[in-house]
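If you read the protein sequences in the order shown, they are chains R and C.
Heads up: the first sequence is residues 2 to 97, going by the working numbering.
Heads up: the second sequence is residues 10 to 151, going by the working numbering.
Where is the CB? At the ideal position from N, CA and C, for every residue including glycine.
The model shown is predicted, which means the values in this text are computed figures rather than measured ones.
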Amino acid sequence: MSIEVRIPTILRTYTGGEKAVSGEGGSLSALIDDLEAKHPGLKDRLVEEKNGADDLRRFVNIYINDEDVRFMGGLEAPLSDGDQVVVLPAVAGGAR
Amino acid sequence: MLTIDQATYDAIIAHAKRDHPDECCGIVAGAEGSDRPERHVEMVNAAGSPTFYEFDSTELLELYKQMWDRDEEPVVIYHSHTATEAYPSRTDIALASEPGAHYVLVSTREHGNNEGPVEFRSYRIVDGEVTEEEVTVVPTLA
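Have a look at this one:
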């Protein structure tokens, strides 16, 4: 079981410079825990605690097979072998 | 220093004037490691706001996939401020996530949608540190 995860430039400090890493898990949350075990520190950049539960950080986008996981159940989004996961920080800002 | 060609410079300013009073946003992609801003891509401001911008998440993925296919990276990431100076806000600094990019800010506060000069400034934003850099506009990239 292996899922390829594309890592953005800003998070490659956690993956020894690798652009893509592989992990496993039946859900996004399980995959992130697996990645955290191999690349400590990564989870905190993807997930934050909201009201006592883990949630995706507002300004990080994660896609499974090109679909934004926010439309697929967020951290509970199901994963299977061969899925392609992409992590991209939001491009956002403004005067506010 | 940011070196940018006149046509791309003008197109970014035109985009900012057109979208005023909302903030506009976009990128100029270039070959990885080249530091050459060559391909201007206007993005939709999904926030549609005078004080905030955000690339639509689906369009963001499309854009990055296109760049990966072409071995490109975002050389310039730009947006406009419509009532304040062309200097990165706290939000801009907190959310800057491309340490290799030139962050360009354009301010339309003086002339809005109308003709007239606009501030066009460029910065590096790395680990929360902002460094302004010189902008050189050339007829075409060497």
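| request: Kindly indicate which residue of R/I11, R/L57, R/R71 has the alpha-carbon position closest to the one of R/I33. | output: Among R/I11, R/L57, R/R71, the Cα nearest to that of R/I33 is on R/L57.
| said: Could you tell me which whole beta strand (DSSP E) segments of length 3 or greater appear in the segment 17-88 of chain C? | reply: Within the segment 17-88 of chain C, the complete beta strand (DSSP E) runs of at least 3 residues are 34-40, 48-52.
| query | Exposed or buried, which one is R/L43 when buried takes at least 16 other CB atoms within 10 Å? | reply | Buried, since its Cβ has 16 or more Cβ neighbours within 10 Å.
| query | Using a Cβ-Cβ cut-off of 8 Å (strictly less than) and excluding sequence neighbours within five positions of R/Y15, which residues of its own chain qualify? | reply | Excluding residues within five positions, the ones whose Cβ falls inside 8 Å are I8, H40, P41, G42, L43, R46.
| query | Hey, quick one: how far does the alpha helix (DSSP H) through R/K39 stretch, first residue to last? | reply | Going by DSSP, R/K39 is part of the alpha helix (DSSP H) stretching over 29-39.
| said: Is it the case that the segment 16-23 of chain C contacts the segment 51-66 of chain R, given that we only count it when at least three CB pairs across the two stretches are under 8 Å? | reply: No, the segment 51-66 of chain R does not touch the segment 16-23 of chain C.
| Reference R/T10, options C/S116, C/L114, C/A110, closest by Cα | The residue from C/S116, C/L114, C/A110 with its alpha-carbon nearest to that of R/T10 is C/A110.
| For the beta strand (DSSP E) that R/L89 lies in, which residues bound it at each end? | Looking at the DSSP string, the run of the beta strand (DSSP E) that includes R/L89 is 85-90.
| request: Give me the Cα-Cα distance between C/V147 and C/V50, rounded to the nearest whole angstrom. | output: Cα-Cα distance, rounded: 19 Å.
| Measuring CB to CB, does C/T67 end up less than 9 Å from C/T91? | Taking 9 Å as the cut-off, the beta carbon of C/T67 is found no closer than this to the beta carbon of C/T91.
| task | Look at C/V144 and C/I13 and say whether their C-beta atoms are less than 9 Å apart. | result | A contact, by the Cβ cut-off of 9 Å.
| message | On the CB-based measure, 16 or more other CB atoms within 10 Å of its CB, does C/M76 come out buried or exposed? | response | Under this definition C/M76 is a buried residue.
| field | Proximity below 9 Å, CB of C/V115 to CB of C/I22 | value | In this structure, the beta-carbon distance from C/V115 to C/I22 falls below 9 Å.
| Per DSSP, cross-strand counterpart(s) of R/L47 | According to DSSP, which records beta bridges pairwise, R/L47 is partnered with nothing at all.
| Listing by chain order, which chain C residues have their CB less than 8 Å from the CB of R/N62? | Within 8 Å Cβ-Cβ: S66, L69, L70.
| Nearest to R/S3 (by Cα), restricted to the options R/D35, R/D67, R/V92 | Cα-wise, what sits closest to R/S3 is R/D35.
| request: Using a Cβ cut-off of 9 Å (strictly closer), state whether R/V86 contacts chain C. | output: R/V86 does not count as touching chain C.
| C/F129 bridges to which residues according to DSSP? | Secondary-structure assignment with DSSP links C/F129 through a beta bridge to C/V115.
| request: Answer yes or no: does any C-beta atom of chain C fall closer than 9 Å to that of R/V6? | output: Not an interface residue.
| query | Counting contacts by CB-CB distance shorter than 9 Å, is R/G95 in contact with chain C? | reply | Under the 9 Å criterion on CB atoms, R/G95 is classed as interfacial with respect to chain C.
| request: Would you list the one or two residues that DSSP bridges to R/L57? | output: According to DSSP, R/L57 bridges with R/V48.
| Coarse secondary structure for C/A151, derived from DSSP in three states | Coil.
| task | Give every residue of the same chain whose Cβ lies closer than 6 Å to the Cβ of C/E47, excluding the five residues on either side of it in the sequence, and list them in chain order. | result | A distance below 6 Å between beta-carbons, with the five flanking residues on each side excluded, links C/E47 to the following residues of its chain, in chain order: G39.
| request: Going by DSSP, name the residue or residues bridged to C/T12. | output: C/T145, per the DSSP bridge assignment.
| query | Does DSSP put C/E107 in a helix, a strand or coil? | reply | Here DSSP, grouped into helix, strand and coil, assigns C/E107 to coil.
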